[in-house]
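**Q** With numbering that gives the first Met the number 0, letter number 248 in the sequence shown gets 247, and the count goes up by one each step, no holes.
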Amino acid sequence: MFITVAICTFNRAESLRLALDSLVAIQVPSDLAWEIVIVNNNSTDHTDDVISEYIGRLPVRREFEPQAGKSNALNRAIDVAKGDYIVWIDDDVLVDAGLLTAYMEAFRRWPEAAVFGGRIKPRYEAPVEKWVMESEAVLGGPYAIRDFGDHVQLLSADDEDHFPYGANWAIRAIEQRAFRYDPELGPVPKRIRNQEETDIIHRLLKSGATGYWIPGAMVDHCIGRDRQTVRYIAAYYESWGETLAFRNAAATAAAPFWFGVPRRIWPRLLVWWVLYRFCRFVSPAPVWVKYLEAYSWNKGMFRYWQQKRIETRRQARVETGA
């Protein structure tokens, strides 16, 4: 069996170094061949120098994707991957020594399956914000926490809440080449969207493919102090709301609109903002964090439809020559 471990990176040289250090210590079964494909998405830091330090220590191949956008980098990795399966990890994780073994055993146990997802545990940079620890149960999205227990579970296209996250999942290469990443999803400069992996997994499972949760395939996700802020959490959920608006735009188009924005968003935006601002000072952290989530989701959807209205007007002016 041949496995490709794929990492896409942008301006996180030192974080990538820690991830590669953890891969140096990984256990590789004697009957497994593997490679590490690292796609540099036009970084301006010393990412290439870091990668060079591991050539000879790890089976590393360096690739370059000049077009900005995570999905473009992910598609570049697909184009060059040689493995029968691709194991995707992020550049800010530390892999468990048994990661490859757990995935390889799953690939062999379920050869008909196409998708596999593993456990993601948060590793916080100290000192950890008190409200973060109190709210960890509701911060699974922003911190990519995934833990569905110690038993294997079947994945379902109708249950996105139990899909793997991009920091730790695997896919059979033949299906991955057929289901590529949408460049309209995933972060790019000046536009933050997410769910690029969710989109692929949903389409793939909807097509009839099967997938499994593999609890023994584990990574730690490093959460720096810069992510332990209200601003970061709000920005993440805004991007989530914008992504949901984009993915559901066709279905939403038939709904009533006010000033280019679905009518139902206006009262939700106000109500959730008031609840968040009030409860921030009087309620436990998990309560106001949930209100922050709801407000930020709606803010992201509001922003998407406002931008779409601006673009529609601009296009109309171009077409009429105004």
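Glycine included, each C-beta is placed from N, C-alpha and C at the ideal position.
Got a sec? Which residues, its chain only, sit under 7 Å from E174 by beta carbon, not counting five neighbours each side?
**A** Answer for E174: A113, L203 and A208, listed in chain order.
**Q** Taking the alpha helix (DSSP H) that K120 falls in, what are its first and last residues?
**A** Premise fails: K120 lies in the beta strand (DSSP E), V114 to Y123, not in any alpha helix (DSSP H).
**Q** Would A143 pass as a contact of W87 if the rule is Cβ separation under 7 Å?
**A** No, the pair does not count as a contact, with Cβ atoms beyond the cut-off.
**Q** Between which two residues does the beta strand (DSSP E) containing I200 stretch?
**A** Here I200 belongs to no beta strand (DSSP E); instead the alpha helix (DSSP H) covers E195 to K205.
**Q** Counting beta carbon pairs with one atom in the stretch 31 to 38 and one in the stretch 107 to 125, are three or more of them shorter than 8 Å?
**A** no
**Q** So, for G299: in the same chain, excluding its five sequence neighbours on each side, which residues have a beta-carbon less than 8 Å away from its beta-carbon?
**A** Y236, E237, S238, W239, G240, E241, T242, L243 and A244
**Q** Got a sec? Which residues, its chain only, sit under 8 Å from D30 by beta carbon, not counting five neighbours each side?
**A** M0
**Q** Which residues in the same chain have their Cβ closer than 8 Å to the Cβ of L268, if we skip the five residues on either side of it in sequence?
**A** Cβ within range, chain order: Y294, N297, K298 and F301.
**Q** C278 bridges to which residues according to DSSP?
**A** Paired residue(s): none; C278 is not in a bridge.
**Q** Going by DSSP, what residues sit across from M217 in a beta bridge?
**A** R118
**Q** On the three-state DSSP scale, how would you describe E62?
**A** strand
**Q** With three or more C-beta pairs closer than 8 Å as the rule, is the stretch 121 to 132 touching the stretch 55 to 65?
**A** no
**Q** Looking at the unbroken beta strand (DSSP E) that takes in E34, where does it start and where does it end?
**A** A32 to N39
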